[in-house]
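Numbering (our numbering), first residue to last: 1064 to 1670. See structure below.
Next comes the structure, spelled out in structure tokens:
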């Protein structure tokens, strides 16, 4: 049974670990083998971490940053911070030094947990400019700072050895209110700077309760095993990949990285995995590429299994021959596909961005269930999801328990319930504009069907959401590109795409040159601009625009803003060709598309 505790704060809910101290909880791969730690071990670690933070002067309400790859220590740090009544501030490992500095300054963090290596060095450099930050706690014992700083560097292993569990920690946990803020999850703002979303114990617990109810419909809570890939700094993974499994007595295995996903699936044999559409795109490409390489009868049988399965899922007519062939395909094809995903997977859960229905039907047709959901960081984040046994993959399912939804007169999806954030940190104006009369204005245009299933049809906000679920403010990227003297105008594209492309108007003197020379000069300018952008904001390819955007040709408004929909439609074919060319180039080199992503290229952040 799930360990959900009604209206409890998250640290109190974690304390149920004491009910089964010998049960394994978190797993990391160390020295080539998986090593698990029991719930009792983690409770001890959390208690000692809390004592160490207390000795460093961390008080209730203080903010403490966490910047690390997914690992046991990340999860324990989050729980320890909350146990003291302090506020966790997760940060992405892909953040630049400037990004870290902004988050540390804006949140007013007094300390930071870091893993090591470049991440620790970047945070240390950023923290040196932030007077409130006093202490850096490093998880990797071999980290040696290259820069001098007033920040005091501590090593986690030593702190754990020096500090026993606080005797009064249970009382400190019990004293916390469910409406207290427990974490700031930073998400992109329209101006490009992140907004600190204040989530409470109650808001996250509301999500966990709804998720438990949903998963129990598919009998997926018992003996659950999660493979954690999404960054824990993402609200989706923070709730569904950390606090949910802790409360249902599940195991969490931390993926070695995106480049190891295929092998980790086989090794771990997860029953559940939360991910963004990018994962399914890559898995789809790897599977189909392997099938094409094998060719012959194997390829024909695979294609038949995918085709017949997808038709059945969509309720389309299936011929007598296909019906007779289908049981054989289940043994010869679908069983092998499920085996490549570990063999015990009950559900993939997709969220963070829109899943291409074709990708969804592909997996459903092969017997792999994907529950597509919808949410926002401001909603902790789950608002709706497809149900086990009733999947309409082209929708984001009906609302989950405890949530009310409706449409505004403009067709914008609104939501309310205990799941909503307290507000944006230090931004009352944006909070008031986002939550009005108790309703979260999502910025997404939707249709609510008669059966309650929600279909997202567009976006009101001018924010790009790539296929990895990242929120990217195009204005910031465009501003940095336009600073380059060789670039006169620019519009960035990448909604539902794996990376950003741009439509660029070269400077007048550059436009006078031959096209090949224009591309070379503009390409060099783009590379310079990219050096000042985070990984997910980098522009990978571009189209040269002709003529320039203007009010005369209808590509700009009277206030000289680019009409994105007009320019996007005008250059749609060229943009599509950029992504198609990348796919074909990758295939020619025998690579997955996008050509196999490095860990820092998965772009899993903020929404």
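The beta carbon of each residue, even a glycine, is placed where N, CA and C say it ideally should be.
Top-ranked residue by Cα proximity to residue i, from the options
{"i": "residue 1607", "options": "1619, 1595, 1455 and 1589", "result": "1589"}
{"i": "residue 1546", "options": "1559, 1567, 1530 and 1557", "result": "1567"}
{"i": "residue 1264", "options": "1307, 1314, 1415 and 1290", "result": "1307"}
{"i": "residue 1206", "options": "1197, 1216, 1212 and 1288", "result": "1216"}
{"i": "residue 1326", "options": "1285, 1379 and 1403", "result": "1403"}
{"i": "residue 1132", "options": "1145, 1144, 1154 and 1114", "result": "1154"}
{"i": "residue 1544", "options": "1454, 1518 and 1592", "result": "1592"}
{"i": "residue 1298", "options": "1262, 1398 and 1626", "result": "1262"}
{"i": "residue 1351", "options": "1519, 1426, 1435 and 1256", "result": "1426"}
{"i": "residue 1609", "options": "1551, 1180, 1477 and 1515", "result": "1551"}
{"i": "residue 1317", "options": "1331, 1309, 1311 and 1310", "result": "1331"}
{"i": "residue 1281", "options": "1270, 1409 and 1250", "result": "1409"}
{"i": "residue 1473", "options": "1520, 1111, 1571 and 1467", "result": "1520"}
{"i": "residue 1078", "options": "1456, 1126, 1311 and 1162", "result": "1311"}
Cα-Cα separation, residue i to residue j
{"i": "residue 1581", "j": "residue 1604", "result": "14 Å"}
{"i": "residue 1321", "j": "residue 1156", "result": "14 Å"}
{"i": "residue 1313", "j": "residue 1260", "result": "27 Å"}
{"i": "residue 1148", "j": "residue 1118", "result": "14 Å"}
{"i": "residue 1558", "j": "residue 1527", "result": "5 Å"}
{"i": "residue 1420", "j": "residue 1376", "result": "12 Å"}
{"i": "residue 1594", "j": "residue 1535", "result": "17 Å"}
{"i": "residue 1010", "j": "residue 1097", "result": "There is simply no residue 1010 to check, as the chain begins at 1064 and stops at 1670 in what is shown."}
{"i": "residue 1446", "j": "residue 1532", "result": "15 Å"}
{"i": "residue 1315", "j": "residue 1288", "result": "6 Å"}
{"i": "residue 1022", "j": "residue 1464", "result": "Only positions 1064 to 1670 of the chain appear in the structure, and residue 1022 is not among them; the question remains open."}
{"i": "residue 1562", "j": "residue 1578", "result": "24 Å"}
{"i": "residue 1348", "j": "residue 1537", "result": "28 Å"}
{"i": "residue 1338", "j": "residue 1384", "result": "36 Å"}
{"i": "residue 1505", "j": "residue 1444", "result": "11 Å"}
{"i": "residue 1237", "j": "residue 1075", "result": "7 Å"}
{"i": "residue 1624", "j": "residue 1367", "result": "49 Å"}
{"i": "residue 1323", "j": "residue 1295", "result": "17 Å"}
{"i": "residue 1182", "j": "residue 1188", "result": "10 Å"}
{"i": "residue 1167", "j": "residue 1177", "result": "13 Å"}
{"i": "residue 1436", "j": "residue 1509", "result": "14 Å"}
{"i": "residue 1549", "j": "residue 1256", "result": "26 Å"}
{"i": "residue 1611", "j": "residue 1485", "result": "44 Å"}
{"i": "residue 1083", "j": "residue 1114", "result": "23 Å"}
DSSP state of residue i mapped onto helix, strand, coil
{"i": "residue 1097", "result": "strand"}
{"i": "residue 1575", "result": "coil"}
{"i": "residue 1071", "result": "coil"}
{"i": "residue 1634", "result": "coil"}
{"i": "residue 1475", "result": "strand"}
{"i": "residue 1608", "result": "coil"}
{"i": "residue 1137", "result": "helix"}
{"i": "residue 1247", "result": "strand"}
{"i": "residue 1467", "result": "strand"}
{"i": "residue 1304", "result": "helix"}
{"i": "residue 1209", "result": "coil"}
{"i": "residue 1599", "result": "helix"}
{"i": "residue 1442", "result": "helix"}
{"i": "residue 1276", "result": "helix"}
{"i": "residue 1448", "result": "strand"}
{"i": "residue 1657", "result": "Residue confidence for residue 1657 is low, a pLDDT of 46 falling below 50, so the modelled location carries little weight and cannot support an answer."}
{"i": "residue 1204", "result": "coil"}
{"i": "residue 1583", "result": "helix"}
{"i": "residue 1453", "result": "strand"}
Strand pairing of residue i, partner residues [DSSP]
{"i": "residue 1086", "result": "Paired residue(s): none; residue 1086 is not in a bridge."}
{"i": "residue 1486", "result": "1261"}
{"i": "residue 1314", "result": "1288"}
{"i": "residue 1411", "result": "1336 and 1433"}
{"i": "residue 1107", "result": "Per DSSP, none; premise fails for residue 1107."}
{"i": "residue 1521", "result": "1508"}
Residue span of the beta strand (DSSP E) that contains residue i, given as start and end
{"i": "residue 1198", "result": "1198 to 1201"}
{"i": "residue 1153", "result": "1150 to 1154"}
{"i": "residue 1176", "result": "1174 to 1177"}
{"i": "residue 1567", "result": "1563 to 1569"}
{"i": "residue 1507", "result": "1502 to 1511"}
{"i": "residue 1556", "result": "1550 to 1556"}
{"i": "residue 1386", "result": "Where residue 1386 is concerned, there is no enclosing beta strand (DSSP E), although the alpha helix (DSSP H) it sits in stretches over 1383 to 1392."}
Opening and closing residue of the alpha helix (DSSP H) in which residue i lies
{"i": "residue 1220", "result": "1219 to 1225"}
{"i": "residue 1181", "result": "1180 to 1190"}
{"i": "residue 1542", "result": "1537 to 1546"}
{"i": "residue 1330", "result": "1324 to 1331"}
{"i": "residue 1235", "result": "1232 to 1237"}
{"i": "residue 1376", "result": "1359 to 1376"}
{"i": "residue 1126", "result": "Per DSSP, residue 1126 belongs to no alpha helix (DSSP H); it is in the beta strand (DSSP E), 1126 to 1130."}
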